[in-house]
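Q: Residue numbering for the sequence shown follows the UniProt record's numbering, starting at 1 and increasing by one per position. This structure is in C-alpha cells; I'll ask about it shortly.
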Amino acid sequence: MAQATSVPVLFSSDAIVLPGMVVPIELDDTARAAVDAARATESGELLIAPRLGDRYPTYGVLATIVQVGRIPGGNGTAAVVRGKSRAHIGAGVNGPGAALWVSVEEVPEPEITDDTRALAAEYKKLLLAMLQRREAWQIIDFVNELTDPSALADTAGYASYLTQVQKRQLLETPDVVERLRALIDWTADHLAEVEVNDKIAEDVRSGMEKQQKEFLLRQQLAAIRKELGEFGPEGEENPDDYRARVEAADLPEKVREAALREVGKLERASDQSPEGGWIRTWLDTVLDLPWNTVTEDSTDLTAAREILDADHHGLDDVKDRIVEYLAVRARRAQRGLQVVGGRGSGAVMVLAGPPGVGKTSLGESVARALGRKFVRVALGGVRDEAEIRGHRRTYVGALPGRIVRAIGEAGSMNPVVLLDEIDKVGSDYRGDPAAALLEVLDPAQNHTFRDHYLDLDLDLSDVVFLATANVIENIPQALLDRMELVQIDGYTSDDKVAIARDFLLPRQRDRAALTADEVTVTDEALRKIAADYTREPGVRQFERLLAKAMRKATTRLAADPTPITIDEPDLVGYLGRPRFMPESAERTAVPGVATGLAVTGLGGDVLYIEAGSTDGDAGLQLTGQLGDVMKESAQIALSYVRAHAEQLGVDATALDRRIHVHVPAGAVPKDGPSAGVTMVTALVSMATGRQVRSDVGMTGEVTLNGRVLPIGGVKQKLLAAQRAGLKTVFIPQRNEADLDDVPAEVLAELDVRPMTDVADIVAQALEPAGQQATLAA
Ligand code: ADP
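This is the structure we're talking about:
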C-alpha cells in the first residue's frame with residue numbers, strides 16, 4: 001500500500017481533472033491559498049478534488065502547477081495544473097497557512113493484462129471513429145500515440161460529450177477495466193446518436209425527394225401487408241420483392257447474376273437479421289445505378305463554343321482549350337480510339353486558379369455544351385481512401401464511395417464529373433485517396449473500376465472527368481502527370497465590371513424577383529464595388545455584395561415603387577462604407593516598409609515587408625509568416641546590403657545592430673524567394689531613413705551580388721498590383737516574356753519596369769533623402 005502523505009487540497013466546482021490532463025482553473029481565495037501552499041512544499045503538489053454538493057469526495061488527483069497568471073480580459077487569476085495520478089482522500093489534517101490539508105494515498109498504477117489491452121483497443125477504435133467524424137486530426141494523432149490503457153481512458157476528461165457526473169465516475173473508478181467498460185458504453189451510445197443525427201441531416205440536405213419518401217412509405221406498407229397476410233393490387237411491383245425487381249431491371253448480365261445471388265441470400269436470411277438489412281441496402285444501391293443509361297453527346301463544336309460564351313464572359317484562351325479538348329475527345333471517339341492518359345490526350349482537364357474565377361461554373365458549362373449530366377464531387381478534406389472507393393461490406397454502416405454515388409446521382413453512365421478541389425485531398429493512415437483517384441482517372445483501368453462496397457466492375461471510361469484546384473503545387477504529382485492544366489489567374493477591373501453587369505447582376509436581380517426596369521446599377525458603381533468593397537482575384541464576394549444590394553432594393557421598392565438606379569455615391573446606403581482603402585500609402589509612410597507582390601493560395605496579393613533595427617549584437621531576427629526559403633532570402637538580402645553599403649548610400653554602422661525583418665500575417669506566399677528584392681528595398685529604406693515610394697510594388701529573387709532572378713506568377717501578381725492601386729511595378733528582366741499573357745488593360749495602367757540589378761530598383765523605388773512621404777498618392 002502506498003504511503004500516506006499530506007497535501008493542500010483545492011476543491012474545484014467546474015473542471016474535473018483526471019491524470020494526464022492539463023487544465024486551467026479559476027482561483028478564488030481558498031483555491032489561491034491551496035496553490036500558494038503547494039508552491040511552498042518540496043514536491044509542489046496539491047490535490048484537486050471535485051466539489052460534490054454535500055458528499056465528501058473519495059478520490060482526487062494529485063497535480064502539479066504549471067503556471068499561475070491573470071485571466072486575459074478579466075481581473076481574476078487562474079492556475080494551469082497538470083494532473084499526475086489518482087489519490088484516495090483520507091482525513092483532514094493540520095497544515096501551514098490558510099489552505100485546507102488532507103492526508104492522501106496515491107493509487108498505484110493498475111496492472112495491465114491482456115484483457116485490459118483488448119478493452120483499450122476497442123475503446124480506441126470507437127474514440128477514433130468519433131474523432132474522425134469531427135475531423136479532429138490533431139487529437140487523432142495524439143490518441144494514436146497513447147499506449148497505456150489507463151492514460152487512454154483518462155483522456156476522456158477532455159471529451160465534450162461526457163457529463164460532469166460521468167467524468168466524476170471516471171475519477172472515482174481506479175480499476176482500469178471498469179473504467180474502460182463504462183467508456184465503451186458511453187462512447188458507443190454517443191456514436192450511435194451522432195450517426196442517426198448525421199443521417200437525418202444528410203437526408204434533409206440531399207432533399208429527400210417526394211418519390212423517395214413514397215418509396216419508403218410503400219416499403220413499410222408492404223411490410224405491414226405481409227404481416228397481415230394481405231397482398232397489393234394485381235400487377236403492382238412490390239418493392240420488397242427483390243427477385244422481381246432484379247429480373248425486371250435493365251442490368252448487365254454480370255450484375256444481374258451477382259444481384260440474384262444476393263437475392264438468394266436475402267430470401268434465406270430471417271426477416272429480423274441485420275444481414276437482411278445490409279443486403280437490401282446493397283440491392284437498392286445496385287438497382288438505383290444507371291447501368292445501361294447513357295446520354296447522347298452533342299458533337300457540334302461551334303454550338304459548344306456558343307454555350308461556353310453564353311455562360312461566361314472573357315476567358316477566351318480557357319474556352320479555346322476546352323473546345324480543343326472536346327474536339328480531341330470527339331475525334332478519338334469517332335475513330336473508335338480509346339482516350340488514353342497523359343497530357344494533350346483528352347484524359348482529364350484541371351482548371352486551376354484562385355476561388356471565384358468560375359472554375360466550378362465552367363465545369364457545368366462543359367456538361368451543358370456536351371449535352372451531358374453534371375455532378376460535382378467535393379474532395380476538400382477527403383483523407384480516407386474509402387471516401388473514394390467505398391467501405392467493404394463487412395464494415396458496419398458501409399457505403400459506396402463518392403464516385404459510385406456521383407454516377408447514381410447523375411443517372412447516366414457518361415456524365416461530366418467535376419472533382420472539386422483536388423488539391424485538398426490529404427492522405428494519412430486510412431489509406432491514400434489520391435491513389436484511388438488515380439485509378440478512377442486512368443483510362444487503362446477505369447473501365448473496370450471496383451468500388452469496395454459495390455464489389456462489381458463499373459465502367460467509368462465514358463465519364464468526362466474535370467478537376468479544379470487552387471494551388472497546383474498541392475496536387476499529388478502522380479495525379480498532375482495525368483492532367484491537362486488550364487490556369488485561370490483572375491480578372492481585371494474591366495472584366496469584373498462586365499461579368500457583374502452581364503451575369504452576376506441579372507442573376508441576383510432574378511433571385512430577388514426584380515426586373516431591370518426596377519433596378520439598375522451603373523458601371524461606375526460596379527467599378528467601385530470591385531475596387532473598394534472587394535479585393536479578390538475572382539468575383540465571389542462581388543456577387544454576394546450584389547445580392548445584398550438587391551435585397552436592400554427590394555425593401556426600398558416595397559416602400560416606394562419608383563425605379564432605382566444605384567450609382568457610385570449611393571453605394572454607402574446599400575453596402576455600408578468601403579472595406580478596402582488604398583493601404584499602401586499608409587503602410588509605407590515610415591522608412592523600412594516596402595510593398596512586395598506574392599502569389600498565395602488565394603491568388604495574387606500585395607504583401608508588406610517591414611525592416612527595423614534595435615540596439616544589440618549584430619544579427620538578423622525574423623518574425624511573421626516566413627517559410628524556410630523566405631528566411632534564406634532575408635539572409636541573402638541582408639548580406640547583400642552589408643556588402644554593398646557604400647554603393648547603396650547606406651551608413652555601414654546602421655547595419656551593425658540587431659536587424660529585424662517582419663512579414664505581417666495575411667499574404668503567405670507560395671514562392672519564398674520572390675520576396676528578395678522587396679527585402680533588400682525594405683532594408684535599405686530602414687538603414688537610410690528614406691521612405692519607399694507608396695505607389696511602387698516589386699517582385700524578384702536576389703543573388704548575393706544583387707542580380708535579379710526570374711520568378712513565377714507574373715500575371716497574378718500584376719493583377720494584384722492593379723487591384724491594390726499601385727502605379728509602378730518592378731519585375732525581373734527575364735520575366736519580360738510573361739507580359740504577353742497580361743491583359744492590355746493592366747499593362748496600360750501600370751508602369752512595369754523589367755530590371756536586372758537590385759541596386760537600380762532601390763534607386764528608383766526610394767524617395768529622395770529628406771523628402772516627406774507623399775501621402776496623397
Ligand atoms: P470557383 O469554382 O473558381 O471558385 P465559381 O465557379 O464558384 O468559382 O464562380 C463564382 C461565381 O462567379 C459563379 O456564380 C460564376 O458563375 C461567376 N463567374 C465567374 N467567372 C465568370 C465569368 N467569366 N463570367 C460569368 N460569370 C462568372
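Every residue gets a Cβ at the ideal spot worked out from N, C-alpha and C, and that includes glycine.
Output yes or no for whether 8 Å exceeds the beta carbon distance between residue 359 and residue 411.
A: Not in contact: residue 359 and residue 411 (Cβ atoms no closer than 8 Å).
Q: What are the start and end residues of the beta strand (DSSP E) that includes residue 655?
A: No beta strand (DSSP E) holds residue 655; DSSP gives it neither H nor E.
Q: Tell me where the alpha helix (DSSP H) around residue 9 begins and ends.
A: Counting along the chain, residue 9 falls outside any alpha helix (DSSP H), though it belongs to the beta strand (DSSP E) covering 4 to 12.
Q: Cβ of residue 526 within 8 Å of Cβ of residue 717?
A: The answer is no: Cβ separation not under 8 Å.
Q: Under 8 Å between the Cβ atoms of residue 489 and residue 353?
A: In contact: residue 489 and residue 353 (Cβ atoms closer than 8 Å).
Q: Would you check if the stretch 477 to 484 and the stretch 434 to 441 touch, i.e. whether three or more CB-CB distances between them fall below 8 Å?
A: In short, these stretches touch, since the Cβ pair count reaches three.
Q: Going by DSSP, name the residue or residues bridged to residue 101.
A: DSSP lists 8 and 93 as partners of residue 101.
Q: Just tell me which of 255, 243, 371 and 356 has its CA closest to the CA of residue 305.
A: The shortest C-alpha separation from residue 305 is found at 371.
Q: Where does residue 496 land, buried or exposed, given buried means 16+ other C-beta within 10 angstroms?
A: Buried: at least 16 other Cβ atoms inside 10 Å.
Q: Between residue 46 and residue 8, how many whole angstroms is the CB-CB distance? I'm expecting something under 8 Å.
A: Contact holds; Cβ gap of about 5 Å.
Q: Taking its Cβ as the centre, do 16 or more other Cβ atoms sit within 10 Å of residue 252, making it buried, or is it exposed?
A: Result: exposed.
Q: Excluding five sequence neighbours on each side, which residues of the same chain lie with their C-beta closer than 8 Å to the C-beta of residue 633?
A: Cβ neighbours of residue 633 beyond the five flanking positions: 672, 673, 675, 676, 679, 701 and 702.
Q: Within 10 Å of its beta-carbon, does residue 50 have 16 or more other beta-carbons around it, so buried, or fewer, so exposed?
A: With 16 or more Cβ atoms within 10 Å of its Cβ, residue 50 is classed as buried.
Q: Thinking just about the alpha-carbon of each residue, which of 530, 463 and 637 is nearest to the one in residue 413?
A: Looking at the Cα atoms, 463 is the closest of the given residues.
Q: Give the range of the beta strand (DSSP E) segment to which residue 648 is assigned.
A: That residue, residue 648, is in no beta strand (DSSP E); its alpha helix (DSSP H) goes 645 to 648.
Q: Under the three-state reduction of DSSP, which class applies to residue 184: helix, strand or coil?
A: It is helical.
Q: So is residue 397 buried or exposed if we call it buried at 16+ other beta carbons inside 10 Å?
A: Its Cβ having fewer than 16 others within 10 Å, residue 397 is exposed.
Q: Hey, would you say residue 471 sits closer than 8 Å to residue 601, going by beta carbons?
A: Yes. Within cutoff.
Q: In chain order, what residues of the same chain have a beta carbon less than 6 Å from the beta carbon of residue 269, not counting five sequence neighbours either side?
A: Cβ neighbours of residue 269 beyond the five flanking positions: 275 and 276.
Q: Bridge partners for residue 152 per DSSP, in chain order?
A: In DSSP, residue 152 forms no bridge with anything.
Q: Helix, strand or coil for residue 574, going by three-state DSSP, please let me know.
A: Correct three-state label for residue 574: helix.
Q: Go ahead and pull the three-state DSSP assignment for residue 686.
A: Helix, per DSSP.
Q: Between the Cα of residue 691 and those of 466, 593, 240 and 144, spot the shortest distance and give me the residue it belongs to.
A: With distances taken between Cα atoms, residue 691 lies closest to 593.
Q: If you drop the 5 nearest sequence neighbours on each side, which residues of the same chain put their C-beta closer than 6 Å to that of residue 150?
A: Excluding residues within five positions, the ones whose Cβ falls inside 6 Å are 110 and 176.
Q: Please list the terminal residues of the continuous alpha helix (DSSP H) segment that includes residue 365.
A: From DSSP, the alpha helix (DSSP H) with residue 365 extends over 359 to 370.
Q: Quick one: does residue 217 have its CB under 8 Å from some CB of chain D?
A: The structure shown contains no chain D; it is built from a single protein chain.
Q: Between which two residues does the beta strand (DSSP E) holding residue 603 run?
A: First-last of the beta strand (DSSP E) with residue 603: 603 to 614.
Q: Is any non-hydrogen atom of the ligand COA found closer than 7 Å to the C-beta of residue 359, if you look at the structure I gave you?
A: Ligands displayed in this structure: the ligand ADP; the ligand COA is not among them.
Q: I'd like to confirm something about residue 315: is its beta-carbon nearer than 7 Å to some heavy atom of the ligand ADP, or not?
A: Yes, the ligand ADP has a heavy atom inside 7 Å of this Cβ.
Q: Rounding to the nearest angstrom, what Cα-Cα distance links residue 120 and residue 185 in this structure?
A: Cα-Cα distance, rounded: 13 Å.
Q: How would you write the range of the alpha helix (DSSP H) that residue 130 sits in, first residue to last?
A: 114 to 133 is the extent of the alpha helix (DSSP H) around residue 130.
Q: Tell me the start and end of each unbroken alpha helix (DSSP H) in the stretch 232 to 308 that is at least 4 residues and wholly inside, in chain order.
A: Here the runs fully enclosed are 242 to 248, 253 to 268 and 274 to 288.
Q: Return yes when at least one heavy atom of the ligand ADP lies under 7 Å from the C-beta of residue 692, else no.
A: No, the Cβ of residue 692 stays beyond 7 Å of every heavy atom of the ligand ADP.
Q: Does residue 483 come out as helix, strand or coil in the three-state DSSP assignment?
A: Strand at residue 483.
Q: Measure the Cβ-Cβ separation of residue 451 and residue 408 and say whether it is below 8 Å.
A: Not a contact, by the Cβ cut-off of 8 Å.
Q: Rounded to whole angstroms, what is the Cα-Cα separation between residue 331 and residue 765?
A: If I take the Cα positions, the gap works out to 54 Å.
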